[in-house]
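Going by the working numbering, the first residue of the sequence shown is number 1247, and it counts up by one from there.
Even glycine gets a Cβ: it sits at the ideal position worked out from N, Cα and C.
No experiment lies behind these values; they were computed from the predicted model shown.
One structure is given below, encoded as structure tokens.
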Amino acid sequence: MNKPFRIAMLGKQGAGKGTQCSRISDQFSIPHISTGDMLRQAVKVGTEFGLKAAEFMERGDLVPDDVIIGTVVERLTQDDAVDRGYLLDGFPRTLAQAKALDSAIEGALKLVVNLDVATDIVLERLSSRRVCEGCGRTYSTTNPPTNGWVCDTCGGEVVQRADDTPDAISRRLAIYDELTSPLIDWYSEKGLLVTVEGSGDLDIVTSKIVEAINSVA
Ligand code: ADP
Ligand code: ZN
């Protein structure tokens, strides 16, 4: 792939996009741009963008396209993203977002990784997931931090996300099927898609993604 690296990760909620994106971002020094993290930060700080997004997020609904697209495109035109590229986690998530990205940035994506995990596995992962409020590191009820619910990395509080409740989880997965999964065919037809089976060992999944990146590098 001609540098900069321009990659997007697709996958259901709980497929492990966040975890794999942090690893890849460290390994290749590419900015990891997670729209979920950007939105949660905006909600926490209470910006206008955050205020608009909060009610949608809590229900498990998508934030409207016009709210998210401008913010992402603005982020992608910052120096680090222009120099190094980006690893998009959680964007695009609708056909409208994919089209907007395409028209805002020429050759916006060189590779789309579809991290594929069966629904029964993601359901189990999401209901046991716990997340650090400070740095976003993910834990689970079966893989908790060393000392209580205090993050091993940053000392932040480790909590259950407001949208990891059974109602919001089923809503998010239904929206994924309806609005996001069509992107798999869309990018496949453009010849950009590589599907990686995401249910196995974390290191093996990472190495398959690295292989996909190297194959287009
Ligand atoms: P998940 O994929 O596990 O639902 P994320 O952290 O990626 O979690 O996103 C959390 C929430 O942020 C989503 O449920 C949605 O409300 C909002 N969000 C994130 N990315 C987008 C996007 N590209 N378009 C619209 N809403 C988004
Ligand atoms: Zn932390």
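From the DSSP output, which residues share a beta bridge with residue i?
{"i": "residue 1253", "result": "1333, 1357"}
{"i": "residue 1440", "result": "1359"}
In or out: residue i buried (at least 16 other Cβ within 10 Å) or exposed?
{"i": "residue 1207", "result": "There is no way to answer for residue 1207, as the model of the chain reaches only from 1247 to 1463."}
{"i": "residue 1436", "result": "exposed"}
{"i": "residue 1290", "result": "exposed"}
{"i": "residue 1394", "result": "exposed"}
{"i": "residue 1426", "result": "buried"}
{"i": "residue 1448", "result": "exposed"}
{"i": "residue 1267", "result": "buried"}
{"i": "residue 1450", "result": "exposed"}
{"i": "residue 1397", "result": "buried"}
{"i": "residue 1405", "result": "exposed"}
{"i": "residue 1485", "result": "Past the edges of the chain, shown from 1247 to 1463, lies residue 1485, and the structure says nothing about it."}
{"i": "residue 1454", "result": "buried"}
{"i": "residue 1297", "result": "exposed"}
{"i": "residue 1458", "result": "buried"}
Please list, in chain order, all residues of the same chain as residue i whose beta carbon is under 6 angstroms from its beta carbon, the five residues on each side excluded.
{"i": "residue 1247", "result": "Residue placement at residue 1247 is poorly supported in this model, since its pLDDT is 45, which falls under 50; the coordinates are not used for a value here."}
{"i": "residue 1257", "result": "1263, 1361"}
{"i": "residue 1387", "result": "1374"}
{"i": "residue 1399", "result": "1381, 1383"}
Residue i and residue j look like a contact to me (Cβ under 8 angstroms); what is the Cβ gap, rounded to whole Å?
{"i": "residue 1347", "j": "residue 1354", "result": "5 angstroms"}
{"i": "residue 1261", "j": "residue 1368", "result": "6 angstroms"}
{"i": "residue 1373", "j": "residue 1415", "result": "7 angstroms"}
{"i": "residue 1304", "j": "residue 1409", "result": "6 angstroms"}
{"i": "residue 1429", "j": "residue 1338", "result": "6 angstroms"}
{"i": "residue 1342", "j": "residue 1277", "result": "That belief does not hold up - the Cβ atoms of residue 1342 and residue 1277 are roughly 24 angstroms apart, past 8 angstroms."}
{"i": "residue 1322", "j": "residue 1255", "result": "So it is not a contact: roughly 15 angstroms between Cβ atoms."}
{"i": "residue 1359", "j": "residue 1442", "result": "6 angstroms"}
{"i": "residue 1281", "j": "residue 1331", "result": "Not quite, the Cβ-Cβ distance comes to about 17 angstroms (not below 8 angstroms), so this is no contact."}
Give every residue of the same chain whose Cβ lies closer than 7 angstroms to the Cβ of residue i, excluding the five residues on either side of it in the sequence, and list them in chain order.
{"i": "residue 1283", "result": "1382"}
Which residues in the same chain as residue i place their Cβ atom closer than 8 angstroms to its Cβ, once the five residues preceding and following it in sequence are excluded?
{"i": "residue 1313", "result": "1295, 1298, 1299"}
{"i": "residue 1390", "result": "1376, 1404"}
Entirely enclosed beta strand (DSSP E) segments - the segment 1361-1417, minimum 3 residues: Complete beta strand (DSSP E) runs here, min 3: 1375-1378, 1384-1386.
Unbroken stretches of the alpha helix (DSSP H), 4 residues or longer, contained in the segment 1276-1304: Correct list: 1281-1291.
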